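Presented below is the structure to which this report refers.
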Amino acid sequence: MEYKIAPSILSADWLNLGREVEKMNEADCDYVHYDVMDGKFVPEMSFGVTIMRNVKKVSTKPIDVHLMIEDPIRNVKSFATSGADIITVHAEACADIDETLDYIRYFNVPAALSVKPKTPVETVFPYLEKCSMILIMSVEPGFGGQAFMPEALEKIRILREEITRRGLDVDIEVDGGINMETVVLCKEAGANVFVSGSALFKGDLAANTAAMRALL
Ligand code: DX5
Ligand code: ZN
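Just add 80 to wherever you are in the sequence shown, counting from 1, and you've got our numbering.
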């Protein structure tokens with residue numbers, strides 16, 4: 081299995097964003113995880129497509145866009161045509177999940193579906209064939225720096241079993257409270273893409289990413 085590390089720039093130093101993206105270029109990570117929040121699906125707002133376009137100009141890594149927004153189909157086109165490399169939407173936020181995933185794929189962008197901690201993992205099962213990745217949230221979405229919820233591990237196990245049973249090639253991403261301990265638990269449960277904000281950006285990004293890589 082291919083293991084991927086996706087530092088979340090929510091935890092980066094926003095007053096020096098260009099430099100932070102350059103640090104990500106230099107680190108042994110696979111994606112830039114880009115958290116979009118609308119103040120409605122989650123309490124806070126973060127950043128939108130304009131800043132993503134600028135990140136894209138500097139980044140040598142694919143941009144993994146995590147849309148924590150209500151009715152995300154409205155924003156799919158602008159992200160898809162502005163350089164998003166993967167677009168994740170929340171099952172809880174879509175008026176029509178099939179239509180939203182189809183619309184992402186229409187732009188030749190891989191589609192991913194996410195579930196919050198209280199949403200059963202089986203919610204994503206009908207859509208697995210359309211998804212390149214499923215994102216299991218291991219915290220309530222909306223803030224960096226929260227503690228990992230161990231309930232996510234059972235969801236990852238059940239999902240990996242179902243993906244294997246169907247013979248599909250779908251990545252399982254986990255997001256929230258991922259550090260040097262929880263990354264190992266998630267890997268053992270069957271996840272292969274690891275989002276990490278505070279644990280990677282606190283201190284030296286390249287050294288932290290290398291330390292996480294050594295555990296995979
Ligand atoms: C939380 C975001 C995460 C967040 C992760 O809602 O989706 O991507 O940045 O941050 P940590 O790793 O600090 O929990
Ligand atoms: Zn995220």
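Note that the Cβ used here is the ideal one computed from N, Cα and C, for glycine as well.
Since we're looking at a predicted model, the values are computed, not measured.
Within 6 Å: the Cβ of V101 and any heavy atom of ligand 1? Mapped onto the sequence shown, residue 101 falls at position 21. Result no, Cβ not under 6 Å from ligand 1.
Could I get the ranges of all uninterrupted alpha helix (DSSP H) runs contained in the segment 166-240, with 4 residues as the minimum, in chain order? 177-186
Cβ shell of C109 (< 6 Å), same chain only, five flanking positions each side left out: On the sequence shown, position 29 is the one that residue 109 refers to. Once the five neighbours on either side are set aside, the close Cβ partners of C109 are I85, P87, T289.
Sorry if obvious, but does the Cβ on D115 come closer than 6 Å to a heavy atom of ligand 2? Position 35 of the sequence shown, counting from 1, holds the residue named residue 115. Correct: D115 has its Cβ closer than 6 Å to ligand 2.
Are the Cβ atoms of K137 and L181 separated by less than 7 Å? Indexing the sequence shown from 1 puts residue 137 at position 57. Indexing the sequence shown from 1 puts residue 181 at position 101. It is not a contact, given that the beta carbons lie outside the stated cut-off.
M125: buried (16+ other C-beta within 10 angstroms of its C-beta) or exposed? In the sequence shown, counting from the first residue as 1, residue 125 sits at position 45. Burial call: exposed.
Is it buried or exposed, A173, if we count other Cβ atoms within 10 angstroms and call 16 or more buried? Taking the sequence shown and counting its residues from 1, the one referred to as residue 173 is at position 93. Answer is buried; the Cβ neighbour count reaches 16.
Quick check for students: name the residue ranges of the beta strand (DSSP E) that lie wholly in the segment 86-141, counting only runs of 3 or more. 112-117
On the CB-based measure, 16 or more other CB atoms within 10 Å of its CB, does M81 come out buried or exposed? To locate residue 81, count along the sequence shown from 1; it is residue 1. Under this definition M81 is an exposed residue.
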